[in-house]
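Novice: Could you have a look at this structure, given as structure tokens, before my questions?
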Amino acid sequence: MCASSPCRSTETKRRPGDDVFNAANGDRVGTITELDEWKRRVRIKIGAKNGPLPRRMSVGPKDPYDTTGLRDALYRVADDVLAGGQRYPVAGELLRIAAPRISGRQPGEALAQGDDLLAATAEAVAGLDQSFLFIQGPPGAGKTYTAAHVIVEMMRAGRRVGVASHSHLAINNLLKIVEQLATKHAVKFQGVKKASGDGSEFDGKYIENVANNKEVPLDIELIAGTAWLFADKRFDNDHRLDYLFIDEAGQVSLANVVAMGTSAKNIVLIGDQMQLGQPIQALHPGRAGLSVLDYLLGDQATVSADRGIFLNRSRRMRPEVCRFISDTFYDGRLEPHDCTSARRLILTREVAGLRPEGVFFRRVEHADCSQKSEPEGAIVKDLFEQLLKQRFQEGRKSRALTVNDILVVSPYNLQVNHLTSILPSGARVGTVDKFQGQEAPVVIVSMVASSAEDLPRGIDFLFSANRLNVAVSRAQCLAIVVASPKLLATPCQTVEQLRLVNNFCRLAEYSTRSE
158 MCASSPCRST ETKRRPGDDV FNAANGDRVG TITELDEWKR RVRIKIGAKN
208 GPLPRRMSVG PKDPYDTTGL RDALYRVADD VLAGGQRYPV AGELLRIAAP
258 RISGRQPGEA LAQGDDLLAA TAEAVAGLDQ SFLFIQGPPG AGKTYTAAHV
308 IVEMMRAGRR VGVASHSHLA INNLLKIVEQ LATKHAVKFQ GVKKASGDGS
358 EFDGKYIENV ANNKEVPLDI ELIAGTAWLF ADKRFDNDHR LDYLFIDEAG
408 QVSLANVVAM GTSAKNIVLI GDQMQLGQPI QALHPGRAGL SVLDYLLGDQ
458 ATVSADRGIF LNRSRRMRPE VCRFISDTFY DGRLEPHDCT SARRLILTRE
508 VAGLRPEGVF FRRVEHADCS QKSEPEGAIV KDLFEQLLKQ RFQEGRKSRA
558 LTVNDILVVS PYNLQVNHLT SILPSGARVG TVDKFQGQEA PVVIVSMVAS
608 SAEDLPRGID FLFSANRLNV AVSRAQCLAI VVASPKLLAT PCQTVEQLRL
658 VNNFCRLAEY STRSE
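For the sequence shown, this note's numbering gives the first residue as 158, with consecutive numbering after it.
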């Protein structure tokens with residue numbers, strides 16, 4: 158049996174250390190010092206000048222961002238379309254879901270040709286003719302490295318490049334690799350990053366930070382920022398950028414891409430619609446609320462060779478893990494790179510009947526668990542402690558496994574908090590959102606819910622294909638999914654739900670094959 162979770166408590170992303178604001182008037186209230194979801198208690202430190210708080214109030218994050226600039230850019234595109242103009246051809250290509258237009262390539266022809274996929278991708282981008290290109294990067298396939306390599310090659314050729322994404326963190330991650338490759342290949346350039354001054358600055362060699370859009374020079378090789386920068390009307394004049402690269406495009410809305418597209422002659426989308434989608438969404442009619450990748454690909458798991466470039470080699474997952482991910486989420490097109498077989502676990506003693514590589518389904522019988530499962534916590538703790546006694550080998554070198562070598566993932570914050578409290582200090586525990594882009598030799602996933610009747614957020618959340626994909630594909634060698642076997646018998650009411658539950662059942666089947 159499970160300890161019951163706090164009834165009707167509201168899930169929140171606010172944490173100790175976060176500022177909170179009065180939802181009624183937007184005024185800053187103070188800083189959270191304690192947040193106990195079980196006791197349903199929040200302690201907030203307030204300044205003396207704020208005076209006493211109202212007896213009853215709602216608090217939350219800061220007011221939503223001002224979207225005036227984004228809306229203005231969308232209106233410019235819409236007005237041009239209605240007038241029959243051709244001022245924004247790349248936006249029109251996107252909205253029509255047209256095939257990429259590349260000089261020297263015929264319709265239906267593969268966009269990346271030859272054995273060198275990196276060079277072929279750069280060649281395809283260089284040939285874009287007022288169009289767009291999607292580079293799909295499954296887990297460990299090197300999409301960020303590929304994007305950085307192409308950006309450096311475009312700057313080497315004298316092209317002006319923009320770099321955008323849904324967050325400053327993603328932008329800075331790409332810029333870091335751009336600078337490393339530019340230094341390695343002796344490509345000098347001048348760049349700026351529009352930063353908001355709240356830790357979003359980029360600490361680089363060639364790229365400087367500026368505080369507002371008006372300070373961004375328009376005649377340099379690289380400009381980086383979020384959608385608010387590239388929707389600015391200053392970039393609209395003659396489409397200042399030759400290319401706009403949008404990383405993590407699966408988390409960027411179609412509307413934001415169209416707004417940013419007013420700045421560029423060509424757009425390169427880098428991402429994977431089979432991983433985590435937009436972190437913040439609202440309700441929109443039709444397909445207007447989709448991410449740009451969901452809009453372009455619909456139900457397709459992988460982009461076709463004549464519509465985009467699929468990076469088909471994972472340098473992260475051993476063949477045993479990659480096989481499950483490839484067959485389940487990528488039409489069987491993803492292959493493990495040869496280097497992945499050089500990594501392996503060395504199990505010096507019995508660990509719950511596990512083999513040192515592959516995907517395993519660890520059955521745990523329990524009942525009435527919803528957002529927290531103490532029985533699963535006990536199993537996770539035992540697995541964790543046993544794994545710390547094992548070794549990890551990469552090439553000819555081997556070493557003892559440490560807490561940094563094991564990722565522990567759960568869909569619900571209550572279980573994350575429970576696991577954090579019982580695992581060794583420093584254990585890497587979180588929801589799948591925390592670990593996208595990260596990897597470790599071992600991943601342990603705790604599914605928590607006892608049965609379909611106990612799901613707090615429905616089938617679509619717990620069995621999400623994107624979340625299952627990201628969780629399992631963090632593993633270099635071994636992925637262990639700890640779950641109640643009753644979840645395998647989850648009743649479905651729609652075809653989509655059937656697909657989602659089938660992915661989970663396939664995981665259990667792969668485990669059976671390996672045992």
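Glycine included, every Cβ here is placed at the ideal spot set by N, Cα and C.
I'd like to check one pair, isoleucine 334 with threonine 301: are the Cβ atoms closer than 7 angstroms?
Specialist: The count along the sequence shown starts at 1 and reaches residue 301 at position 144. The count along the sequence shown starts at 1 and reaches residue 334 at position 177. Result yes, Cβ atoms of threonine 301 and isoleucine 334 sit closer than 7 angstroms.
Novice: Could you say which of Cys662, Asp272 and Glu191 lies nearest to phenylalanine 481 if we only look at CA atoms?
Specialist: Taking the sequence shown and counting its residues from 1, one reaches residue 481 at position 324. Out of Cys662, Asp272 and Glu191, Cys662 has the C-alpha closest to the C-alpha of phenylalanine 481.
Novice: Go through the region 346 to 421 residue by residue and report every complete run of the beta strand (DSSP E) that reaches 3 residues or more, in order.
Specialist: 348 to 351, 364 to 367, 379 to 381 and 398 to 403
Novice: Who are the near neighbours of leucine 398 in its chain, counting only those whose CB is closer than 6 angstroms to its CB and skipping five residues on each side?
Specialist: Here residue 398 refers to the residue found at position 241 of the sequence shown. The answer, listed in chain order, is Arg317, Gly319, Ser420 and Ala421.
Novice: Since valine 638 sits in a beta bridge, which residues does DSSP pair it with?
Specialist: For the purposes of this step, residue 638 is taken as the residue at position 481 of the sequence shown. DSSP, once it has assigned bridges, lists Phe518 and Val602 as partnering valine 638.
Novice: Check whether the Cβ atoms of glycine 407 and leucine 379 sit closer than 7 angstroms, and answer yes or no.
Specialist: Translated into positions along the sequence shown, residue 407 becomes position 250. Translated into positions along the sequence shown, residue 379 becomes position 222. No; because the gap between Cβ atoms is not below 7 angstroms, this pair is not in contact.
Novice: Counting along the chain, where does the beta strand (DSSP E) carrying alanine 321 start and finish?
Specialist: For the purposes of this step, residue 321 is taken as residue 164 along the sequence shown, with counting starting at 1. From DSSP, the beta strand (DSSP E) with alanine 321 extends over 318 to 321.
Novice: Residues in the same chain with beta-carbon distance under 6 angstroms from arginine 475, minus the five sequence neighbours each way, listed in chain order, please.
Specialist: Taking the sequence shown and counting its residues from 1, the one referred to as residue 475 is at position 318. Around arginine 475: Thr497, Glu514 and Cys634.
Novice: CB-CB under 6 angstroms to lysine 219, same chain, minus the five flanking residues each way: which ones, in chain order?
Specialist: Walking along the sequence shown from the start, residue 219 turns up at place 62. Only Phe178 meet the Cβ criterion.
Novice: Enumerate in chain order the residues of its own chain whose CB-to-CB distance from glycine 299 is below 7 angstroms, with the five nearest sequence positions on each side excluded.
Specialist: Mapped onto the sequence shown, residue 299 falls at position 142. Counting only Cβ-Cβ distances below 7 angstroms, and skipping sequence neighbours, we find Leu468 and Arg472.
Novice: Quick check on DSSP: helix, strand or coil for phenylalanine 289?
Specialist: Counting from 1 along the sequence shown, the entry for residue 289 is found at position 132. If DSSP states are grouped into helix, strand and coil, phenylalanine 289 belongs with the strands.
Novice: When burial is assigned at 16 or more other CB atoms within 10 Å of the CB, is glutamine 572 buried or exposed?
Specialist: Along the sequence shown, one-based indexing puts residue 572 at 415. That one is buried.
Novice: Following the continuous beta strand (DSSP E) through phenylalanine 592, name the residue where it begins and the one where it ends.
Specialist: As a working mapping, residue 592 is identified with position 435 in the sequence shown. No beta strand (DSSP E) contains phenylalanine 592, which is instead part of the alpha helix (DSSP H) from 589 to 592.
Novice: In or out: valine 373 buried (at least 16 other Cβ within 10 Å) or exposed?
Specialist: One-based indexing of the sequence shown puts residue 373 at position 216. So valine 373 ends up on the buried side.
Novice: Thinking C-alpha only, which one of Arg212, Gln430 and Arg391 is nearest leucine 678?
Specialist: With the chain running from 158 to 672 in the structure shown, residue 678 is simply not present.
Novice: Helix, strand or coil: how does DSSP classify glutamine 633 here?
Specialist: Against the sequence shown, residue 633 aligns to sequence position 476. Of the three classes helix, strand and coil, the one that applies to glutamine 633 here is strand, per DSSP.
Novice: I'd like the span of the beta strand (DSSP E) that includes isoleucine 503, first residue to last.
Specialist: As a first step, residue 503 must be located in the sequence shown, where it is residue number 346. From DSSP, the beta strand (DSSP E) with isoleucine 503 extends over 500 to 503.
Novice: When you compare the CB positions of valine 602 and leucine 544, do they come within less than 7 angstroms of one another, or not?
Specialist: Looking up residue 602 in the sequence shown gives position 445. Looking up residue 544 in the sequence shown gives position 387. The answer is no: Cβ separation not under 7 angstroms.
Novice: Is asparagine 469 helix, strand or coil when you go by DSSP?
Specialist: Within the sequence shown, numbered from 1, the residue matching residue 469 stands at position 312. The answer is coil: DSSP assigns asparagine 469 none of H, G, I, E or B.
Novice: Output needed for glycine 204: all residues of its chain with C-beta closer than 8 angstroms, excluding positions within five of it in sequence on either side, in chain order.
Specialist: Taking the first residue of the sequence shown as 1, we reach residue 204 at position 47. Answer for glycine 204: Gly187, listed in chain order.
Novice: Return no unless some Cβ of chain C is closer than 7 angstroms to the Cβ of serine 288.
Specialist: In summary, chain C is missing from the structure at hand, where a single protein chain is found.
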